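Heads up, the thing below is written out as structure tokens.
Below, the structure written as structure tokens:
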């Protein structure tokens, strides 16, 4: 099979890609476009002996982004688009289709149905799929679902205490997300450690308990809105408080869906910003404490799940970059005998996996700069190799 795989990582307003040669997993080209749907989206493209930065009018959405990327590949990569052997999408959820698969109409229909649960994720990928299908009518497009890594969670840990018949009818259970990020941590650290807690903190955040390289529990559940507090998303909240609020504010289901996914989390608690850097600069201690407490609480709960912990890894924009947040979370976990090395913490590089704990620490602490696109490429290649 062809060895070159183009991976697309599409957010509600962002677009990233990496183009891999899977013979050695090297990156042929990569790039990103921010603030999609505006007339001045910043973009960056890197290939061998070529680099371009600038702005792009993306008011028409992902079609412009994809056409720009393909044009740059044609101009700067050997063989151009003809050498693209397959395309991998970092897709989010399709219910019980929680494994890497070739995207077709049936899978897309399931993604459409669950757009109610993951509107910021499924909708952009459905749009992008149609565009890519027109640009590449003869090659396979693979969806590497974020839920796949969590297939190893025991059934008792995925079950919700609601009516069994309704739960089965509509596929309501814990699925878990951020599979590409957490699986990358497992890929990097499982040779060294049996019991790992992966803490992925960014615009959306989740915590995952990993044992012998496999997910055994995670903080996100049926939707990416659950678990720890996030930038715009609520995380865990008493469902009856939501019903109460709907009645008091005369909100319908769609109103509440938008409210929980866009106006809660850090933004809702602080009333300042959804950006952790702004919260830190504003020094709102109560909001910072609420955030770090919610993360530390999940980490602590997974001690019982794993029977202890050998290593804790931080990843994601906040997990990688915020020294204060890491310190505040770890301070709540000092009872574990972990010891942070401040010098290591302040001298990491933006690639790979770095230990930031002291040699005497009973639990090893890492920052992992996850390569989600590589994990999607691996899943895509492995699937097509079997076909």
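Residue numbers (this note's numbering): 143 to 529.
Yeah, the Cβ is synthetic: ideal placement off N, Cα and C, and Gly gets one too.
Computed from a prediction, not measured in an experiment: that's the story for all the values here.
In whole angstroms, what separates the C-alpha of residue 302 from that of residue 462?
-> 32 Å
When DSSP labels each residue in this structure, what does residue 470 get in the three-state scheme?
-> helix
For residue 183, count neighbouring C-beta atoms within 10 Å of its own C-beta (all shown protein chains included) and say buried if the count is 16 or more, exposed if not.
-> buried
Return the bridge partner residues of residue 360 from the DSSP annotation.
-> 350
Return the Cβ separation of residue 350 and residue 284 in integer angstroms, given the expectation that the two are a contact with Cβ distance under 8 Å.
-> Residue 350 to residue 284, Cβ: 23 Å. No contact.
Within 7 Å, strictly: CB atoms of residue 236 and residue 249 = Taking 7 Å as the Cβ cut-off, residue 236 and residue 249 qualify as a contacting pair.
Report yes or no: do the stretch 493-507 and the stretch 305-318 share at least 3 C-beta pairs separated by less than 8 Å?
-> no
Tell me, please, whether the stretch 440-455 touches the stretch 416-423 by the rule of three or more beta-carbon pairs shorter than 8 Å.
-> no
Determine the extent of the alpha helix (DSSP H) in which residue 463 is found, giving its start and end residues.
-> 458-463
Residue 385 to residue 444, Cα distance in whole Å?
-> 30 Å
Check the C-beta distance from residue 511 over to residue 492 and give it rounded, since I have them as a contact under 8 Å.
-> 6 Å
Bridge-paired residues (DSSP) for residue 187 = 173 and 194
Mapping DSSP to helix, strand and coil, what is residue 222?
-> helix
Compare the Cα-Cα distances from residue 342 to each of 379, 434, 281 and 392 and report the closest residue.
-> 434
When the Cα atoms are used, what is the spatial distance from residue 331 to residue 240?
-> 24 Å
Are the CB atoms of residue 356 and residue 294 nearer to each other than 7 Å?
-> In contact: residue 356 and residue 294 (Cβ atoms closer than 7 Å).
Apart from the five residues on each side of it in sequence, which residues of its chain come closer than 7 Å, Cβ to Cβ, to residue 359?
-> 295, 299, 351, 444 and 447
Alpha carbon of residue 400 to alpha carbon of residue 154, nearest angstrom | 14 Å
In whole angstroms, what is the alpha-carbon distance linking residue 425 and residue 174?
-> 31 Å
Determine the burial state of residue 383: buried for a count of at least 16 other Cβ atoms within 10 Å of its Cβ, exposed for fewer.
-> exposed
Would you grab the beta carbon distance between residue 337 and residue 450 for me? Rounded to a whole angstrom, and I think it's under 8 Å.
-> 6 Å
Who does residue 510 pair with in a DSSP beta bridge?
-> 495
Other residues of its chain near residue 156: CB distance less than 6 Å, five sequence neighbours each side excluded = 176
Count the other CB atoms within 10 Å of the CB of residue 395; is the residue buried (16 or more) or exposed (fewer)?
-> Exposed, because fewer than 16 other Cβ atoms sit within 10 Å of the Cβ of residue 395.
Can you check whether the CB of residue 367 is closer than 7 Å to the CB of residue 409?
-> no
Would you kindly report the start and end of the unbroken beta strand (DSSP E) that includes residue 148?
-> 146-152
Nearest to residue 201 (by Cα), restricted to the options 193, 223 and 178 = 178
Give me the Cα-Cα distance between residue 254 and residue 264, rounded to the nearest whole angstrom.
-> 7 Å
Grab me the residues of residue 292's own chain with a C-beta within less than 7 Å of its C-beta, minus the 5 sequence neighbours each way, in chain order.
-> 317, 318, 321, 357 and 360
Three-state secondary structure (DSSP) at residue 207?
-> helix
Starting from residue 342 and walking both ways along the beta strand (DSSP E), at which residues does that stretch end?
-> 337-342
With a CB to CB cut of under 7 Å and the five nearest residues on each side skipped, what residues in its chain are close to residue 215?
-> 161, 171, 222 and 223
Over what stretch of residues does the alpha helix (DSSP H) that includes residue 163 continue unbroken?
-> No alpha helix (DSSP H) holds residue 163; the beta strand (DSSP E) holding it covers 157-163.
How is residue 283 classed by DSSP in three states: helix, strand or coil?
-> strand
Is residue 231 closer than 7 Å to residue 150 when the C-beta atoms are compared?
-> yes
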